[in-house]
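> Handing you this structure, nothing more for now.
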Amino acid sequence: MSPRTVTTAFRLVAVAEAITWVGLLAGMFVKWVLQTSEVGVQVFGPIHGGVFVAYVLVALVAARVLRWSLPTTLLALAASVPPLATVWFERRATRTGALPAREALAA
9 MSPRTVTTAF RLVAVAEAIT WVGLLAGMFV KWVLQTSEVG VQVFGPIHGG
59 VFVAYVLVAL VAARVLRWSL PTTLLALAAS VPPLATVWFE RRATRTGALP
109 AREALAA
């Protein structure tokens, strides 16, 4: 896999993981706080689970292809747990050079 492909996939999956987290959190709010419906959890639970697994796999591929250090790899994996942390990690990795900037990929 090329660094460009891996970088693009990582960015897409990182954002998707964060979006599905928001959907799952909204579903849990409706289920447990409003106590009106379980549909949000039933829909977003499996979707988030699948995207979570995809994020972990893409992070491991990115770590190998982009030659991330062990601390960077572990931080990427840890970012999959707290809500929206995958987007934070993607921005941090871009800022620190662990993930090539979009401009660098275009050249």
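Just so we're aligned: the sequence shown equals residues 9 to 115 in the working numbering.
Every residue gets a Cβ at the ideal spot worked out from N, C-alpha and C, and that includes glycine.
1. Can you tell me which of V47, V69, A22 puts its alpha carbon nearest to the alpha carbon of A34?
2. If you run the structure through DSSP and keep just helix, strand and coil, what is R100?
3. Just reading off the alpha helix (DSSP H) that Q50 is part of, what are its end residues?
4. Taking V66 and F18 to be in contact with their CB atoms under 8 Å, please state how far apart those CB atoms are, rounded to whole angstroms.
5. Could you tell me the boundaries of the alpha helix (DSSP H) in which M9 lies?
6. Using a Cβ-Cβ cut-off of 7 Å (strictly less than) and excluding sequence neighbours within five positions of L92, which residues of its own chain qualify?
7. Note the first and the last residue of the continuous alpha helix (DSSP H) segment covering A84.
8. From the DSSP output, in three-state form, read off T28 for me.
9. Nearest to I55 by CA position, among R110, V21, P108, is which residue?
If we stick to the structure as given:
1. Here residue 34 refers to the residue found at position 26 when the sequence shown is read from its first residue. Nearest C-alpha to A34: V47.
2. Counting from 1 along the sequence shown, the entry for residue 100 is found at position 92. In the structure shown, R100 sits in a helix (DSSP, three-state: H, G or I).
3. Position 42 of the sequence shown holds residue 50. Counting along the chain, the alpha helix (DSSP H) containing Q50 begins and ends at 47-73.
4. For this step, residue 66 is matched to residue 58 along the sequence shown. For this step, residue 18 is matched to residue 10 along the sequence shown. Between F18 and V66 the Cβ distance is about 5 Å, and since that is below 8 Å, they are a contact.
5. Indexing the sequence shown from 1 puts residue 9 at position 1. Where M9 is concerned, there is no enclosing alpha helix (DSSP H), given that its DSSP letter is neither H nor E.
6. Translated into the one-based positions of the sequence shown, residue 92 becomes position 84. Contacts found: A26, W29.
7. Stepping through the sequence shown from its first residue, residue 84 is reached at position 76. A84 -> alpha helix (DSSP H) spans 78-86.
8. One-based indexing of the sequence shown puts residue 28 at position 20. T28 falls in the helix class under three-state DSSP.
9. As a working note, residue 55 is residue 47 in the sequence shown. Answer by Cα proximity: V21.
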